[in-house]
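There are 2 protein chains.
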Amino acid sequence: MTITELGLAAQSASRALAASTGAQRNAALSAMAEALAAQEQDILAANELDMQAAAQNGMSQSLQDRLALTPSRVEGMRQGILELVAAPDPLGLVLGGGVRPNGLRIQQVSVPLGVIGMIYEARPNVTADAAALCLKSGNAVILRGGKEAIHSNKAIADCLRGAAASAGLPADCVQLIGDASRESARALMRANGLIDVLIPRGGAGLIRAVVEESSVPVLETGEGVCHTYVDAAADLAMALDIAENAKCSRPSVCNAMETLLVHEKIAPAYLPRLAERLAKYPVELRCDAASLPLCGGVPATEDDWAAEYDDLILSVKIVASLEEALAHIARYGTKHSECVVTGDYAAAQAFLQAVDAAAVYVNASTRFTDGGEFGLGAEIGIVARQKLHARGPLGLRHLTSYKYMIYGDGQVR
Amino acid sequence: MTITELGLAAQSASRALAASTGAQRNAALSAMAEALAAQEQDILAANELDMQAAAQNGMSQSLQDRLALTPSRVEGMRQGILELVAAPDPLGLVLGGGVRPNGLRIQQVSVPLGVIGMIYEARPNVTADAAALCLKSGNAVILRGGKEAIHSNKAIADCLRGAAASAGLPADCVQLIGDASRESARALMRANGLIDVLIPRGGAGLIRAVVEESSVPVLETGEGVCHTYVDAAADLAMALDIAENAKCSRPSVCNAMETLLVHEKIAPAYLPRLAERLAKYPVELRCDAASLPLCGGVPATEDDWAAEYDDLILSVKIVASLEEALAHIARYGTKHSECVVTGDYAAAQAFLQAVDAAAVYVNASTRFTDGGEFGLGAEIGIVARQKLHARGPLGLRHLTSYKYMIYGDGQVR
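From first to last, the protein sequence lines stand for chains H and A.
According to the numbering used here, the first sequence is numbered sequentially starting from 1.
According to the numbering used here, the second sequence is numbered sequentially starting from 1001.
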């Protein structure tokens, strides 16, 4: 099928979804969860084909780990869907409104975005997660996953499509592009009028290509070069706990700390103790000239300040003031998550106001930037640089738009 | 100056704006209003240069009318700015938040978008309107107006820049691209990292070009192919008033009706009377085969159903049911403003739910889709097709994003 055919089918499905009730969408989600369990063997067998090809093609172990499905990973997808069944319906919410002086009654009501295109890499669980989030929020979805996961994705998508149909919704609520080529991704990016929003999910290269080439509106999920600034007035023990957590609790994710900024007054007391804490992982430290003698490691290069390591590596810099920390963050940050550790009221307020990022923390780890932690429920990605529509974790509510419903009794202008 | 230089200057100004208070921004707006009055003669003289060139180049009368400035139009720009001084500050509003189970206090707070790029045609009043809306909402703006208005735009921008500086804000809060070429517009569209949002304002061709070519996120202000559907159960007098108002009160704007759909049961009673009402303007009617004998006019072609006339022309079609009306709107509408006239509760509800448009009306003219009429204040455009970020009239609140400010006391994950 061409992208145009997929798009027209998705539009038709999206109209059915917009007219469906929350109960119908929940019934379809429940059927999807059941079908995943019932068809687990088929899905694992399909994944085995992808894994064999990956091994033959010399895919790296970490990528193979992302590609692999196991009974517990299928169960994880199933549980994720069941959590969405329990989540509140994001549609039909009255977001605002009132009566105008002429008597017009205006209601601003949440509605689906319409048709969402997802472009992602070789992680088959995204197929189930994204399809379920889109269905819950009343959106038809066209999935374009990585070609390395094509057998797994087809098995999962077929399973979900059958479940949607069994619950009385169109199977085309969920469509997978069978041809995982560069051209199919590009066609999706130019399908204005058929696709309402494109969400790329994956590495920086994928995101950048979609932002550069897409004429369809994009929700740019993002890179995280996150900083923790340990102020002169920081509580030492708290600053140690927060930095260790921000770097080491899950270094591969976008809300992990990549650069530590330390005020020069506290650096001699702080950095040696931090280095000791981080040595046990071990974390490689890349330090500016002032911090190097205090914590050891290797000298940082200019590239280090802009690097998203996603690994047990940390760049370290000593600053003379809060202002220098703010300037460094403005220059090298990606507007994702930034933290100040301080006991000083004015420093905390200044940091909160001045830092331009989706999430700005006082005295807490940047690792909390997450849909679940923010109380938004499951997320489809985290937006950093982009300012339109939504910032930070994208939850169900961010997969909606709104329309104005206006009740008149003959008003003219 | 290159777009990169303009962009860097705008980023620097946007940081100053983000740190400014509402009182400072209002003082700058007041200074701008004063400066427009004080420099009226210079602005009119600059406009005279543009008007002379326009006449020499054979610009059409309607475009010349849009280009022309008069003392009363300058006064209109001044009044628009003073209204913004009186408008509530859209920044720093707490949009949501709460305490998480771990004690983290999360606040979602409105912040500026950052740097806005405006691409527009030969309407010099947009220069002042857009600059003032952006300043009030804490955004730096880069203006790229049509080359036909370049002298007028330079005079207005210089005036506003001086006023901003006199009030202690950077002059670069407002920048005008001196080179109104195709290349400068294109450079603006590719300035990711420097420009946060691009807002095109003008004809369908301009909007489409920006949507197609821009890698910077776009707020797609839009075409309006707006329908009024007169249901079988409509009040005849009300349906006459609404249709006349929707077509004739200001036919050149995007919320004017372009196509009238009439239920076959009411058409024989309704259409002859409507034709009589519209004859006095006069409105040219382009009719399907069934309506032609009832109201006269000329036969409609397929192109008419998709046409945004922006003129005293109306296409007319008789439908057999509400469903046929909904299908026609789904096929030819632009998701802008759609109206049903009916006394039937079920028909009204079905129309409100099924129509996918920014504004859906029961028993009121589509002409109300307007920032002022919706209580949003001055608008920078109206979004129709696009679903991301904001739909319908774009007011001050839609020129903002948000960030999460998170208050912790040592939380780690």
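In this text, a Cβ means the ideal position worked out from N, Cα and C, and glycines have one as well.
Since the structure is predicted, the reported quantities are computational estimates derived from the model, not experimental observations.
- Beta-carbon to beta-carbon, Ile1119/A and Leu1176/A are separated by about 12 Å, too far to satisfy the 8 Å threshold.
- The beta-carbon separation of Ser12/H and Asp196/H, rounded to 14 Å, does not stay under the 8 Å limit for a contact.
- Taking the Cα of Val253/H as reference, the smallest distance to any Cα among Ala350/H, Glu183/H, Phe368/H and Ile318/H is reached at Phe368/H.
- With respect to the 8 Å criterion, Ala1149/A and Asp1050/A are classified as neighbours on the basis of their beta carbons.
- Positions of the beta strand (DSSP E) runs, each at least 3 residues long and wholly inside the segment 1100-1180 of chain A, are given as 1105-1112, 1115-1120, 1140-1144 and 1174-1176 in order along the chain.
- Secondary structure at Ser1214/A: coil, using DSSP grouped into helix, strand and coil.
- Between the C-alpha atoms of Val126/H and Met77/H there is a straight-line separation of about 9 Å.
- In the structure shown, the three-state DSSP call for Tyr1309/A is coil.
- Glu212/H reaches chain A at Ser1215, counting residues in chain order whose Cβ is nearer than 7 Å.
- Annotation for Met238/H: Val341 and Asn363 place their beta carbon closer than 7 Å to its own, counting only its chain and skipping 5 residues before and after.
- For Met238/H, the neighbours in chain A by C-beta distance under 7 Å run, in chain order, Gly1410.
- Neighbours of Val340/H in chain A, taken as residues whose beta carbon is under 8 Å from its own, are absent, since the nearest beta carbon is some 10 Å off.
- A contact is defined here as three or more CB-CB pairs under 8 Å, and the segment 220-232 of chain H meets this definition with respect to the segment 240-258 of chain H.
- Bridge pairing for Lys1403/A: Val1109/A [DSSP].
- Exposed is the label assigned to Asp1042/A, since fewer than 16 other Cβ atoms lie within 10 Å of its Cβ.
- Cβ contact annotation for Val1085/A (same chain, cutoff 6 Å, sequence separation greater than five): Asn1026, Leu1029 and Ser1030, in chain order.
- By the neighbour-count criterion, in which a residue is buried when 16 or more other Cβ atoms sit within 10 angstroms of its Cβ, Thr1221/A is buried.
- Between the segment 100-109 of chain H and the segment 402-409 of chain H there are three or more inter-stretch CB-CB distances shorter than 8 Å, so the stretches are counted as touching.
- Residue pairing from DSSP places Cys287/H in a beta bridge opposite Pro299/H and Val316/H.
- Around the CB of Met1001/A, fewer than 16 other CB atoms lie within 10 Å, so the residue is classed as exposed.
- Put simply, of Gly1097/A, Ala1035/A and Gly1103/A the residue whose alpha carbon is nearest the alpha carbon of Leu1082/A is Ala1035/A.
- Note on the segment 176-206 of chain H: whole alpha helix (DSSP H) runs with a minimum of 4 residues are 182-189, in chain order.
- Taken through DSSP and simplified to helix, strand or coil, Cys339/H comes out as strand.
- Take the alpha-carbon of Arg1123/A and the one of Arg1385/A: they are about 24 Å apart.
- Under the three-state reduction of DSSP, Tyr1332/A is assigned to helix.
- A distance below 8 Å between beta-carbons, with the five flanking residues on each side excluded, links Asn102/H to the following residues of its chain, in chain order: Gln411.
- When Gly377/H, Leu388/H and Ala232/H are compared, the shortest CA-CA separation from Ala358/H is found for Leu388/H.
- Within the DSSP secondary-structure output, Cys226/H pairs in a beta bridge with Met257/H.
- Scanning chain A for C-beta atoms nearer than 8 Å to the C-beta of Lys387/H yields Leu1113, Gly1114, Asp1196, Val1197, Pro1217 and Ser1401, reported in chain order.
- Here Arg1201/A is not near Gly1080/A, since their CB atoms are 8 Å or more apart.
- Boundaries for Asn1057/A: no alpha helix (DSSP H) harbours it, and the DSSP string shows neither H nor E there.
- Considering only Thr1004/A, Ile1199/A and Ala1233/A, the residue with the shortest C-alpha distance to Ala1390/A is Ile1199/A.
- Check the Cα spacing between Ala289/H and each of Leu188/H, Ala330/H and Glu264/H: the tightest is with Glu264/H.
- For Val319/H, the closest alpha carbon among the candidates Gly92/H, Leu113/H and Leu271/H is that of Leu271/H.
- In the structure shown, Pro88/H adopts coil according to DSSP, grouped into three states.
- Per DSSP, Ala233/H lies in no alpha helix (DSSP H) segment and is marked neither H nor E.
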